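In our numbering, the protein residues as written are 2 to 507. Note that the Cβ used here is the ideal one computed from N, Cα and C, for glycine as well. Quick caveat: nothing in here was measured; it's all calculated off a predicted structure. The block underneath contains the structure these notes are about, expressed in structure tokens.
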């Protein structure tokens with residue numbers, strides 16, 4: 002992300018109100034565009050359904066189906082996202098750019114097969130109408146591709162195209178939804194499910210066009226990335242734990258709290274909790290953007306300078322001086338990030354308390370209390386997550402895994418206990434879990450930095466080893482097979498070219 006952060010930083014350096022607004026727009030869309038689109042479409046779908054005269058039960062069914070599908074797709078992609086991102090980073094470092102697109106195809110193939118079957122089975126027994134099941138399944142498959150494309154889009158610098166794709170997707174979805182409802186008089190849930198799916202499909206196709214235009218034609222097997230599941234197995238768990246900790250409290254509230262509502266069949270919801278959670282979640286956008294445009298971009302040059310001294314024969318004095326400067330910059334940036342998140346959280350709480358009750362969303366005093374509570378929880382989460390990501394700069398996978406394990410365990414266990422026993426403490430489990438995540442990530446990073454030279458030098462293996470894990474063996478076998486096929490294809494193309502040249506000469 003530091004690479005894209007440097008490009009965004011250039012936009013922020015330009016003077017003037019319009020330049021500043023444009024820079025923040027680009028940064029926000031690049032860092033959190035699809036999630037913002039989901040929020041906008043979810044809110045607009047609720048308002049359109051209400052304006053179309055749909056009953057409360059119909060509106061709840063629409064929101065529940067959309068949120069279940071969104072969360073299911075995020076959970077599936079979280080297992081692969083960090084490993085494939087690490088693979089892409091390593092390939093870029095090694096300048097093997099022709100490995101990027103094949104890994105995109107391969108990771109999508111895995112997730113579409115695994116996720117498509119799992120979510121298809123759930124939908125089959127869900128108890129909702131067939132047309133809802135079909136549209137939800139298609140929406141799920143589209144989301145899998147979009148979330149994966151986002152990992153690869155962070156390597157691009159075409160912010161204008163990304164922003165245009167986002168805007169066009171939102172407009173298409175809303176316009177098509179309105180046409181389906183008021184022109185063709187299609188049933189509300191069907192119309193809005195189809196329009197939201199179409200909006201994300203437009204984004205999916207547009208983003209794929211950007212990727213295909215930027216990256217060269219692939220070489221080798223599409224499943225080379227599987228080797229990274231053996232090299233860095235912690236990354237799969239880290240990504241999964243972060244996602245499950247971030248959204249697990251919603252699932253628990255759906256199934257085990259007194260706010261739980263059986264909307265239809267196997268689809269449960271907790272509107273009193275879900276709606277405040279959606280609004281509170283977006284209080285962390287400031288931190289997300291700031292991490293990319295400020296923390297990483299100021300920290301990375303110091304980080305690069307420090308580690309280059311080990312490779313370029315730097316003296317002990319230079320290494321110690323670079324280490325001190327790097328840690329100082331990192332501490333300053335994390336402190337600034339925490340202050341900005343504190344300001345953002347307070348602003349969201351104050352403005353939300355005034356504005357939300359006046360929206361046609363049925364906000365009451367209980368929902369406002371939950372909203373304020375979750376804003377605090379998301380603040381701790383955003384800071385803890387940023388610190389955990391910095392730990393991965395130093396390849397402290399064990400420390401990152403410890404902090405995310407604490408996050409998912411404390412958040413979900415405490416949320417379950419409070420949901421079953423204390424109706425007045427909804428959201429507190431997530432706050433405490435996020436607080437523990439933040440503290441644990443900070444302790445882990447500080448302990449690692451105290452012994453940085455020891456961790457960099459002495460903890461490395463004495464001899465280079467070759468990984469022969471299960472996924473590596475599969476990747477090697479597929480690599481050999483792909484190489485044979487590609488050699489035959491190149492030979493056939495060469496033979497055809499020679500035959501064409503001979504015919505032209507004749």
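For residue i, which option in the options has the closest C-alpha, if you only look at C-alpha atoms?
i, options, result
"residue 291", "384, 60 and 213", "384"
"residue 288", "81, 339 and 319", "339"
"residue 308", "327, 298 and 293", "327"
"residue 277", "294, 103 and 364", "364"
"residue 121", "74, 79 and 82", "74"
"residue 403", "162, 426 and 443", "443"
"residue 396", "341, 453 and 422", "453"
"residue 142", "399, 205, 88 and 180", "205"
"residue 126", "266, 501 and 58", "266"
"residue 450", "391, 488 and 423", "391"
"residue 109", "123, 131, 137 and 144", "144"
"residue 107", "149, 67, 71 and 140", "149"
"residue 128", "353, 360 and 268", "268"
"residue 246", "111, 379 and 343", "379"
"residue 181", "235, 362 and 49", "49"
"residue 92", "216, 192 and 57", "216"
"residue 70", "46, 138 and 131", "138"
"residue 286", "349, 483 and 398", "349"
"residue 368", "494, 272, 131 and 330", "272"
"residue 343", "377, 357, 496 and 353", "377"
Just the Cα atoms here: how many angstroms apart are residue i and residue j?
i, j, result
"residue 274", "residue 95", "47 Å"
"residue 113", "residue 85", "15 Å"
"residue 499", "residue 90", "39 Å"
"residue 446", "residue 412", "21 Å"
"residue 306", "residue 320", "9 Å"
"residue 212", "residue 503", "38 Å"
"residue 176", "residue 44", "15 Å"
"residue 237", "residue 185", "45 Å"
"residue 167", "residue 136", "21 Å"
"residue 355", "residue 179", "30 Å"
"residue 169", "residue 293", "25 Å"
"residue 424", "residue 372", "15 Å"
"residue 487", "residue 222", "10 Å"
"residue 317", "residue 336", "28 Å"
"residue 195", "residue 501", "49 Å"
"residue 491", "residue 97", "20 Å"
"residue 234", "residue 401", "12 Å"
"residue 171", "residue 118", "28 Å"
"residue 54", "residue 190", "12 Å"
"residue 116", "residue 133", "18 Å"
"residue 72", "residue 214", "30 Å"
"residue 458", "residue 312", "12 Å"
"residue 505", "residue 481", "36 Å"
"residue 422", "residue 259", "10 Å"
"residue 393", "residue 203", "34 Å"
Might you give, ordered along the chain, the residues of its own chain that have their beta carbon closer than 8 Å to the beta carbon of residue i, omitting 5 neighbours on each side?
i, result
"residue 439", "381, 382, 384, 385 and 388"
"residue 152", "82, 85, 86 and 89"
"residue 334", "295, 296, 299 and 300"
"residue 270", "61, 64, 65, 68, 255, 261, 262 and 264"
"residue 219", "99, 100, 101, 102, 103 and 106"
"residue 323", "303, 306, 307, 310 and 315"
Assuming residue i and residue j make a contact with CB atoms under 8 Å, what is their CB distance in whole Å?
i, j, result
"residue 61", "residue 197", "The pair is not a contact, with the Cβ atoms about 16 Å apart (cut-off 8 Å)."
"residue 174", "residue 199", "6 Å"
"residue 536", "residue 242", "Nothing can be reported for residue 536, as the shown portion of the chain is limited to 2 through 507."
"residue 140", "residue 201", "7 Å"
"residue 479", "residue 123", "At roughly 30 Å, the Cβ-Cβ gap does not stay under 8 Å, so residue 479 and residue 123 are not in contact."
"residue 420", "residue 248", "That pair is no contact at about 15 Å."
"residue 56", "residue 193", "Wrong, their Cβ atoms sit about 14 Å apart, outside the cutoff."
Once the 5 residues before and after residue i are set aside, which same chain residues still bring their CB inside 7 Å of it?
i, result
"residue 416", "250, 253, 430 and 431"
"residue 375", "277, 278, 281, 428 and 431"
"residue 229", "84, 87 and 88"
"residue 441", "403, 404 and 407"
"residue 472", "227, 228, 230 and 231"
"residue 1", "Examination of residue 1 is not possible in this model, given that the chain is present from 2 through 507 alone."
"residue 347", "none"
Short of 6 Å in beta carbon distance, which residues of its chain neighbour residue i, apart from the five on each side in sequence? Order them along the chain.
i, result
"residue 1", "There is simply no residue 1 to check, as the chain begins at 2 and stops at 507 in what is shown."
"residue 79", "240, 241 and 244"
"residue 437", "407 and 411"
"residue 4", "Residue placement at residue 4 is poorly supported in this model, since its pLDDT is 49, which falls under 50; the coordinates still yield a value, given next. Nothing meets the Cβ criterion."
"residue 7", "Below a pLDDT of 50, predicted positions are generally treated as unreliable, and residue 7, at 48, falls in that range; the measurement from the model is reported next regardless. So the qualifying residues of the chain are 298."
"residue 341", "287 and 291"
Under 6 Å: does the beta carbon of residue i sit that close to some heavy atom of the ligand MN?
i, result
"residue 232", "With respect to the ligand MN, the structure shown offers nothing to examine, as it has no ligands at all."
Which runs of the beta strand (DSSP E) at least 3 residues long sit entirely within the stretch 240-285? Give them in chain order. 262-265 and 268-270
Beta strand (DSSP E) segments (min. 3 residues) lying fully within the stretch 451-496: none
Whole alpha helix (DSSP H) elements within the stretch 134-214, 4-residue minimum: 160-179
Can you give, in chain order, each stretch of the beta strand (DSSP E) that sits fully within the stretch 372-405 and has at least 3 residues? none
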